[in-house]
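What follows is the structure, encoded as C-alpha cells:
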C-alpha cells in the first residue's frame with residue numbers, strides 16, 4: 337500500500353491533497369507545526385489521516401519523522417505563502433522555504449532514495465518575467481524573498497534529481513484559491529468582504545491596484561497535478577496553471593455579482609495596499625502538464641469565486 341506524507345497538511349493545498357489521496361486508498365500521514373486546527377482543517381477525513389507535530393528545523397527531525405512514517409511519497413507543502421510577511425523576514429523565509437528543501441532531499445537520499453518527493457514551487461520564481469506566458473524554460477527573475485527562496489528550492493530539487501537520481505520534482509504552481517484560503521490573501525479578502533457587506537456587517541473594502549492581474553485557478557484542481565507528478569514513470573518539473581489571467585477588478589465584479597451588488601459602490605482604492613514589486617505579466621503555460629500528465633484546470637473562474645462567496649456568506653452569518 338502506498339503511504340504519503342504531506343507537510344503543511346493543515347494549509348489550503350494540504351487539506352485538498354489529503355482528500356484526493358484518501359479517496360484513492362492511499363495511507364496518508366500529515367505533518368504540521370501545530371495540531372490545534374487539525375479537525376477544523378481536515379473536516380470529515382480528520383480521523384483517516386495520521387497526524388504528526390513537526391518542524392523541519394534540522395535533518396535529525398526529518399529523519400525521525402521519516403522513520404516513524406516510512407512513506408513512499410512525500411509532498412512538501414509546508415511554509416509561509418504570504419509574500420509581504422516573507423519580505424519582512426527574508427532570513428526565515430529562506431530557511432523554511434529554501435534550505436529546508438535541501439535538508440529533506442539529503443535526508444531522503446540517506447534514509448531511502450526510493451521515496452518520491454514533490455516540492456510545491458511558485459510562479460513567483462519568474463518575477464519580472466521578460467515574456468508571457470511562462471513555461472518550464474522561462475528564465476527566473478524573482479522580485480521578492482518568497483520567490484528567491486522558492487527558486488533556490490527549485491534548484492535543489494533539480495540538483496538531487498540529476499546528481500543523485502532521486503525521484504524529485506517541482507510543481508511550479510501559479511495562484512490557486514478556494515474557500516480554505518486565509519483571509520489576508522486578496523481573493524479571500526474580496527469574497528469575505530462581499531459576503532459581509534451583503535449581510536450589513538461592513539460598508540466597504542480597501543484594496544490596492546485593481547488592474548493587477550493573476551493566473552488564478554482552483555486549489556482543488558491543482559492537487560490533482562501534484563498527485564499525477566509522483567504517479568508517472570520519471571520525475572520532471574511542471575508549470576501548473578490555467579493559462580488565463582484575470583484582474584483584481586474582475587474578481588471584485590464577480591464576487592459582488594454573486595450577492596447582487598455592484599463592487600464600485602463598496603470597493604475603495606488605497607495606495608497603502610499596493611504591493612512593492614508587483615508583477616503584472618505572470619501567466620502560466622500549462623501545455624506540458626496537459627500533454628504529459630493529462631492534467632488541466634477544470635473549474636472556471638466564475639465557479640470557484642462563487643463558491644468562495646457562498647462559503648463566506650455561511651461563515652459570516654454564523655459568526656454574527
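Residue numbers (our numbering): 337 to 656. Built from N, CA and C at the ideal position, the CB exists for glycine as well. Computed from a prediction, not measured in an experiment: that's the story for all the values here.
CB contact flag (residue i, residue j, <7 Å)
{"i": "residue 533", "j": "residue 558", "result": "no"}
{"i": "residue 528", "j": "residue 648", "result": "yes"}
{"i": "residue 506", "j": "residue 470", "result": "no"}
{"i": "residue 487", "j": "residue 476", "result": "yes"}
{"i": "residue 463", "j": "residue 490", "result": "no"}
{"i": "residue 420", "j": "residue 481", "result": "no"}
{"i": "residue 582", "j": "residue 540", "result": "no"}
{"i": "residue 555", "j": "residue 514", "result": "yes"}
{"i": "residue 369", "j": "residue 351", "result": "no"}
{"i": "residue 531", "j": "residue 453", "result": "no"}
Top-ranked residue by Cα proximity to residue i, from the options
{"i": "residue 431", "options": "619, 416, 594", "result": "416"}
{"i": "residue 526", "options": "433, 368, 592", "result": "592"}
{"i": "residue 387", "options": "374, 598, 380", "result": "374"}
{"i": "residue 641", "options": "584, 536, 509", "result": "584"}
{"i": "residue 367", "options": "380, 358, 342, 353", "result": "342"}
{"i": "residue 473", "options": "428, 461, 561, 449", "result": "461"}
{"i": "residue 380", "options": "452, 359, 549, 394", "result": "359"}
Coarse secondary structure for residue i, derived from DSSP in three states
{"i": "residue 458", "result": "strand"}
{"i": "residue 583", "result": "strand"}
{"i": "residue 439", "result": "helix"}
{"i": "residue 339", "result": "strand"}
{"i": "residue 401", "result": "helix"}
{"i": "residue 470", "result": "strand"}
{"i": "residue 363", "result": "strand"}
Residue i burial status per 10 Å Cβ neighbour count (16 or more: buried)
{"i": "residue 714", "result": "The question about residue 714 has no answer here: the residues shown for the chain are numbered 337 through 656."}
{"i": "residue 610", "result": "exposed"}
{"i": "residue 365", "result": "buried"}
{"i": "residue 412", "result": "buried"}
C-alpha distance - residue i paired with residue j, whole-angstrom precision
{"i": "residue 511", "j": "residue 552", "result": "5 Å"}
{"i": "residue 650", "j": "residue 608", "result": "30 Å"}
{"i": "residue 438", "j": "residue 656", "result": "46 Å"}
{"i": "residue 408", "j": "residue 442", "result": "16 Å"}
{"i": "residue 566", "j": "residue 536", "result": "47 Å"}
{"i": "residue 521", "j": "residue 636", "result": "20 Å"}
{"i": "residue 355", "j": "residue 516", "result": "13 Å"}
{"i": "residue 389", "j": "residue 371", "result": "6 Å"}
{"i": "residue 590", "j": "residue 638", "result": "7 Å"}
Beta carbon proximity, residue i to chain D, threshold 7 Å
{"i": "residue 463", "result": "Annotation note: the requested chain D is absent from the structure, which comprises a single protein chain."}
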